[in-house]
Structures are given as C-alpha cells and as structure tokens.
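So the protein sequences, as listed, match chains Z and E. Take any residue in the first sequence, count from 1 to its spot, add 1: that is its number in my numbering. Take any residue in the second sequence, count from 1 to its spot, add 1155: that is its number in my numbering. Even for Gly, the Cβ is constructed at its ideal location relative to N, Cα and C. Structure record follows, encoded as structure tokens.
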Amino acid sequence: RKEVEQDPGPFNVPEGATVAFNCTYSNSASQSFFWYRQDCRKEPKLLMSVYSSGNEDGRFTAQLNRASQYISLLIRDSKLSDSATYLCVVTLWGSTLGRLYFGRGTQLTVWP
Amino acid sequence: DAGVIQSPRHEVTEMGQEVTLRCKPISGHNSLFWYRQTMMRGLELLIYFNNNVPIDDSGMPEDRFSAKMPNASFSTLKIQPSEPRDSAVYFCASSSGTSGGPSYEQYFGPGTRLTVT
Chain Z
2 RKEVEQDPGP FNVPEGATVA FNCTYSNSAS QSFFWYRQDC RKEPKLLMSV YSSGNEDGRF
62 TAQLNRASQY ISLLIRDSKL SDSATYLCVV TLWGSTLGRL YFGRGTQLTV WP
Chain E
1156 DAGVIQSPRH EVTEMGQEVT LRCKPISGHN SLFWYRQTMM RGLELLIYFN NNVPIDDSGM
1216 PEDRFSAKMP NASFSTLKIQ PSEPRDSAVY FCASSSGTSG GPSYEQYFGP GTRLTVT
C-alpha cells in the first residue's frame, strides 16, 4: 500500500473556478505535510507546507485532518497558470534526513 | 545561485548499453535524492545520500542500478545494462539540514529524460 494516495484527475475547470484536491495518507505516524507543484515536463517544486491549523497563501488554502488522515488543497479564482500536476507529500515521524513520500499527483487543467 | 544541475538532459540509448546520469547538488546541501518518474508508477525514490553516505537504497530496482556520491558536489546513477523498461525521467534533488533537524524542502534538478530502445 502506498504511503500517499491521490485522485489522479484530471480536473478540468474554467478560469475563475474554485477547485479542491484531497489526498489520504496511510501512516498515522506521518509528521509533516506539503503540496508540491509540477508543470508539464518540468521538475516538482514546493508549493506550500500544510499546518495542523490550516494555512493560506493567496488563492491557495491547505488543510490537514489528522483524525481522518487526509490533506486538502483548495484553489480559488483559478488562473490558466495554475494548470499543473499537484503532488501531495508527507514525511514520517522518526524519518531522518529529509525523506519525502510523494503521491502520484492530481492533474489540473484550467481553461479560458 | 545555481540550482541542482543534471546531465545529460536527454539520453537515447540501445538496450544493453551502459547509461550514466550525473547530478550536482546545490552547494551546502547535505542530502541528495535520486528519483525515477513514469506515468505508470509516478515519482519513485531510488536512493538517497546524507553527507555522501548512502542511507537507503531499497528503491533501487535491481542490481543493474548503482549510485555513488564520491564528494559533496557530485553524484552518479548508473544503469548497466539498460533495458527498455528503464525509460523514464530521472530526477536528482537536494536538501539541507540544520542543527534542529532535516529540511524537508527538496530542490529538484530539471531531470534526465532517458529512452532505451
């Protein structure tokens, strides 16, 4: 069983729409949580960390539900430039040296 | 500042040939990770190093794969002999630790797109 599961999509939404992605993680000892973004034929890059209390960065809101072991990412007022694959990432408690566990990603396409 | 540098960016080779992928991590970073990405399996961790020492190579598919990190500024991933199923994008990433623990932000290189025919 993979550490992180995501709906692969694709999600196709018009500009201005609100879209939400969820991911679930299997290990209750998961410690830290992130969303990475990967543009087509590019490398993954950190989008934002996910904190227990939830956090916002402009149009992006990330939330964590430890009891249900899921993480969400909400994008408001979608832009064409938001089209990418969004990777859910966790670390495990006691996992040293910065190892990350990646989901397979959710593909988003924003159309004009 | 230069990011993670990988070479070559593209490699096309015939089955049975040896392939060597190269990575230069960000200066000062002490952890280095090799990943493989395919449509079918997503992003898979192959091996990672800390302070040039291999920590976990359980993701290396088989003995045909080997990785080295002879110094803090250079790492190689070698496939010998290569097979068509090795075709994928191979990413190298690096991260830095602090006295308080590891940094979980990994900086990825642009990747090497490998095609084995």
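Strictly under 8 Å for the Cβ-Cβ distance: is residue i near chain Z by that measure?
{"i": "residue 1169 of chain E", "result": "no"}
{"i": "residue 1177 of chain E", "result": "no"}
{"i": "residue 1245 of chain E", "result": "no"}
{"i": "residue 1255 of chain E", "result": "Caution applies to residue 1255 of chain E, whose pLDDT of 46 falls short of 50 and renders its modelled position unreliable; the model cannot decide the point."}
{"i": "residue 1160 of chain E", "result": "no"}
{"i": "residue 1250 of chain E", "result": "yes"}
With a threshold of 7 Å on Cβ separation, who are the neighbours of residue i within its own chain once the five nearest residues in sequence on each side are excluded?
{"i": "residue 17 of chain Z", "result": "78, 79"}
{"i": "residue 1214 of chain E", "result": "1199, 1200, 1201, 1202"}
{"i": "residue 1206 of chain E", "result": "1185"}
{"i": "residue 24 of chain Z", "result": "5, 6, 7, 71, 72, 89, 104"}
{"i": "residue 1255 of chain E", "result": "With a pLDDT of only 46 at residue 1255 of chain E, under 50, the local geometry of the prediction cannot be trusted, and no value is derived from it."}
{"i": "residue 1241 of chain E", "result": "1234, 1269, 1271"}
{"i": "residue 1265 of chain E", "result": "1161, 1164"}
If we cut at 8 Å on Cβ distances, does residue i have a partner in chain E?
{"i": "residue 17 of chain Z", "result": "no"}
{"i": "residue 101 of chain Z", "result": "yes"}
{"i": "residue 92 of chain Z", "result": "yes"}
{"i": "residue 33 of chain Z", "result": "yes"}
{"i": "residue 105 of chain Z", "result": "yes"}
Once the 5 residues before and after residue i are set aside, which same chain residues still bring their CB inside 8 Å of it?
{"i": "residue 12 of chain Z", "result": "20, 22, 107, 108, 109, 110"}
At least one CB of chain C closer than 8 Å to the CB of residue i: is that the case?
{"i": "residue 62 of chain Z", "result": "The chain inventory of the structure shown lacks chain C, comprising the protein chains Z and E."}
For residue i, which of helix, strand or coil comes out of DSSP?
{"i": "residue 1239 of chain E", "result": "helix"}
{"i": "residue 82 of chain Z", "result": "helix"}
{"i": "residue 43 of chain Z", "result": "coil"}
{"i": "residue 64 of chain Z", "result": "strand"}
{"i": "residue 53 of chain Z", "result": "coil"}
{"i": "residue 1272 of chain E", "result": "coil"}
{"i": "residue 1254 of chain E", "result": "Confidence at residue 1254 of chain E is low in this model, with a pLDDT of 44, below 50, so its placement is unreliable and no value can be given for it."}
{"i": "residue 23 of chain Z", "result": "strand"}
{"i": "residue 111 of chain Z", "result": "strand"}
{"i": "residue 15 of chain Z", "result": "strand"}
{"i": "residue 114 of chain Z", "result": "It is not possible to answer for residue 114 of chain Z, since the shown part of chain Z is limited to 2 through 113."}
{"i": "residue 8 of chain Z", "result": "coil"}
{"i": "residue 1161 of chain E", "result": "strand"}
{"i": "residue 1233 of chain E", "result": "strand"}
Looking only at its chain, what residues have a beta carbon closer than 6 Å to the beta carbon of residue i, apart from the 5 residues adjacent to it on each side?
{"i": "residue 3 of chain Z", "result": "none"}
{"i": "residue 1212 of chain E", "result": "1202"}
{"i": "residue 1177 of chain E", "result": "1162, 1231"}
{"i": "residue 1220 of chain E", "result": "1234"}
Kindly provide the ranges of any beta strand (DSSP E) runs that are 3 or more residues long and lie completely inside the stretch 1178-1227 of chain E, ordered along the chain.
-> 1186-1193, 1197-1205, 1208-1211, 1220-1226
May I ask you to list, following chain order, the residues of the stretch 36-67 of chain Z that have a beta carbon less than 9 Å from some beta carbon of chain E?
-> 37, 39, 42, 43, 44, 45, 46, 47, 50
Closer than 9 Å, Cβ to Cβ, to anything on chain Z: give me those residues from the stretch 1260-1271 of chain E, in chain order.
-> 1260, 1261, 1262, 1263, 1264, 1265, 1266, 1268
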